[in-house]
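Protein sequence lines correspond, in order, to chains C and D. Counted from 1, the first sequence has number 239 at position 239 by full-length UniProt numbering; the numbering is strictly sequential. Counted from 1, the second sequence has number 1 at position 1 by full-length UniProt numbering; the numbering is strictly sequential.
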Amino acid sequence: MINVKNLDKSFGDARVLKDISTTIEKGEVVTVIGPSGSGKSTFLRCLNKLEDPSGGSVVVDGKDIMDPNTNINDVREQIGMVFQHFHLFPHMSVLDNLAYAPTKVKGLSKADAEARAQDLLQKVGLSDKAEQYPSRLSGGQKQRVAIARALAMEPDTMLFDEPTSALDPEMVKEVLDVMKSLADTGMTMVIVTHEMGFAREVADRVLFLDEGRLVEDAPPATFFSQPESERAQDFLAKIL
Amino acid sequence: MNLDFTQVIPSLPFILQGIGVTLSIVAVALLFGFVLGVFLSLLKIGKYKTLRFLADAYTSIFRGTPLVLQLMIFYYGLPQLIEMDVPAYLAAVLTFGLNSAAYVSEIIRAGIEAVDEGQKEAAMALGIPYSEMMKDVILPQAMKNILPALMNEFITLTKESAIVTVIGVMDIMRRAYIVGGDLYLYLEPLIVAGMIYYALVMGLTLLGKRLERRLRHSD
Chain C
1 MINVKNLDKS FGDARVLKDI STTIEKGEVV TVIGPSGSGK STFLRCLNKL EDPSGGSVVV
61 DGKDIMDPNT NINDVREQIG MVFQHFHLFP HMSVLDNLAY APTKVKGLSK ADAEARAQDL
121 LQKVGLSDKA EQYPSRLSGG QKQRVAIARA LAMEPDTMLF DEPTSALDPE MVKEVLDVMK
181 SLADTGMTMV IVTHEMGFAR EVADRVLFLD EGRLVEDAPP ATFFSQPESE RAQDFLAKIL
Chain D
1 MNLDFTQVIP SLPFILQGIG VTLSIVAVAL LFGFVLGVFL SLLKIGKYKT LRFLADAYTS
61 IFRGTPLVLQ LMIFYYGLPQ LIEMDVPAYL AAVLTFGLNS AAYVSEIIRA GIEAVDEGQK
121 EAAMALGIPY SEMMKDVILP QAMKNILPAL MNEFITLTKE SAIVTVIGVM DIMRRAYIVG
181 GDLYLYLEPL IVAGMIYYAL VMGLTLLGKR LERRLRHSD
């Protein structure tokens, strides 16, 4: 469970997140949508402290990430993250990309970590790519490897930062399919996305951000059919 | 024109023995300079302001003064402070190592900063501690980018090592000079020394090219 309370974030004079409060329950799939520059990604990056919140609090399973006594790496171990531009380790094979963190952080033996990696690669349909280097893969394949790499740490929660935005259109589906099946397993997921169809179909809840404020927090059925705010109505009219 | 290499031939073994001396100075200084250079570069990108300042000041001083001056300070000047003679070989290795570290640290700092910020974020998001991230994720990628610049520095070091002659270390240069003095014939032994240095530099260049190719396998 992630408890966000009065979260604020400023970069210099620019206040990009304003007083955001919400709770992400275990097993919930939450999509974060909104116009570009609305603070979606910053919000997501505050959840695992890739950005330092300027105010308010983020509590992950009872651990306050702002508390200087909290070892942030313990929290990050529980939260997987998938980036728009994959950020696979280019100097490691696909298998090593997956096995690296579990051996370093969780203390798994190399053999165990590699067995787990093989298992995950099979789940994302890339068993045959284990020995390849990331540069040999297509965008969709890279993103599936990135998802598998995050899952190799056996996190409780997965964060997705526009996971399909950098992909060629024909590769979007293969990544969304992996995410869908992940949601079916009961994984807690927070997804920043522009894929409205996906949000409508998979999400339990939609957060709509505009100019750093959380404007709507509603189930997708409600949000997409009868958004309360004018800003959300406007946004939906433009993209749907 | 009266070039006469025949007179130098008996002295060739004497000059060639300098290769070992030169290489041992270069190798030790290189290793020392590299380790210290990595350390300094990590200070330079670290979060501690004082350490950053010290590392920058170090670089600035070693880059801002002549190498031959540094060498003389270590050989002639230092004994005055520690009231102990500094052997020429030690002074040479120390000077070249410390000097090289200043240049290497700048090369590595630039290399680290050129690695995509996303790599760091990906490692952080996986909960990987800073030191492990540097060692396993950032530095290996930085090394690949900076290998040409690093090889350049090593080549410079090999050539510049000739100035240890001024403190009497029996390297290639010094031996060629001595032979010149003995025979009263300078050009020929100096040409021989030049050929030896050139061969060493070409060897290093080839080695660097081979290393680069090996590192490129993941592209």
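Every residue gets a Cβ at the ideal spot worked out from N, C-alpha and C, and that includes glycine. Model, not experiment: these values are computed from the prediction.
Measuring only between beta-carbons, confirm whether D/ALA125 sits less than 8 Å from chain C. yes
Proximity of C/VAL94 and C/PRO134 at Cβ, strictly below 8 Å: yes
Mind checking which residues open and close the alpha helix (DSSP H) that includes C/LYS142? 139 to 151
Determine the chain D residues that contact C/ASN69 at a beta-carbon separation under 8 Å, and present them in chain order. Chain D residues near C/ASN69: none, gap ~17 Å exceeds 8 Å.
D/ILE178: contacting residues in chain C (beta-carbon distance under 7 Å): Per Cβ cutoff of 7 Å: no residues; D/ILE178 is ~48 Å from chain C at best.
Is the shortest distance between the beta-carbon of C/ALA101 and the beta-carbons of chain D less than 8 Å? yes
Go to C/THR31, then tell me how far its beta strand (DSSP E) extends in each direction, as first and last residue. 29 to 33
Out of C/LYS26, C/ILE72, C/GLY62, state which residue places its alpha-carbon closest to the alpha-carbon of C/CYS46. C/ILE72
In this structure, what does DSSP give as the bridge partners for D/SER105? BP columns for D/SER105 are empty, so no partner.
How is C/THR103 classed by DSSP in three states: helix, strand or coil? helix
If distances are taken between C-alpha atoms only, which option among C/GLN84, C/GLU51, C/GLN78, C/ALA232 comes closest to C/MET187? C/GLN78
Distance, Cα to Cα, D/ASP4 vs D/TYR198? 21 Å
Give the interface partners of C/VAL60 over in chain D, defined as CB-CB distance under 9 Å, in chain order. Neighbours of C/VAL60 on chain D: none; closest Cβ ~12 Å, over 9 Å.
Rounded to whole angstroms, what is the Cα-Cα separation between D/ILE108 and C/ARG116? 35 Å
Neighbouring residues, chain D, relative to C/PRO220 (Cβ below 7 Å): Residues of chain D passing the Cβ test: none, with the nearest at roughly 27 Å.
Going along chain C in order, which residues have a C-beta closer than 7 Å to the C-beta of D/GLY118? PHE83, HIS85, HIS87
Secondary structure, alpha helix (DSSP H): runs of 4+ residues fully inside the segment 169 to 200 of chain C: Along the segment 169 to 200 of chain C, the alpha helix (DSSP H) occurs as fully enclosed runs of 4 or more residues at 169 to 184, listed in sequence order.
Pull out every residue of the segment 130 to 157 of chain D whose Cβ sits closer than 8 Å to any Cβ of chain A, in chain order. The chain labelled as chain A is not found among the protein chains of the depicted structure, namely C and D.
Start and end residues, alpha helix (DSSP H) containing D/MET84: Per DSSP, D/MET84 belongs to no alpha helix (DSSP H) and is neither H nor E.
For chain C, check one thing: does any of its Cβ atoms lie closer than 8 Å to the Cβ of D/ILE112? no
C/ASN48 - DSSP class collapsed to helix/strand/coil: coil
C/VAL175 and C/LEU167: beta carbons closer than 8 Å? yes
Are the CB atoms of C/VAL4 and C/VAL58 within a distance shorter than 8 Å? yes
Using 8 Å as the Cβ pair cut-off and three pairs as the minimum, do the segment 130 to 145 of chain D and the segment 81 to 100 of chain D touch? no
Rounded to whole angstroms, what's the CA-CA distance from C/GLY37 to C/LEU209? Just pull it up for me. 9 Å
Burial state of D/LEU206 (16 or more Cβ within 10 Å): That one is exposed.
Where D/ILE130 and D/ILE19 are concerned, what is the direct C-alpha to C-alpha distance, given to the nearest angstrom? Reading the sequence as shown, one finds Tyr at residue 130 of chain D and not Ile. Distance between the alpha carbons of D/TYR130 and D/ILE19: 42 Å.
List the residues of chain C whose Cβ lies closer than 9 Å to the Cβ of D/ILE128, in chain order. Per Cβ cutoff of 9 Å: ASN73, ARG76, TYR100, ALA101, LYS104, VAL105.
Taking the C-alpha atoms as reference points, what is the distance between residue 256 of chain C and C/GLU216? Any answer about residue 256 of chain C is impossible in this case: the structure gives chain C only from 1 up to 240.
Residues of chain D with CB under 8 Å from C/MET153, in chain order? LEU126, GLY127
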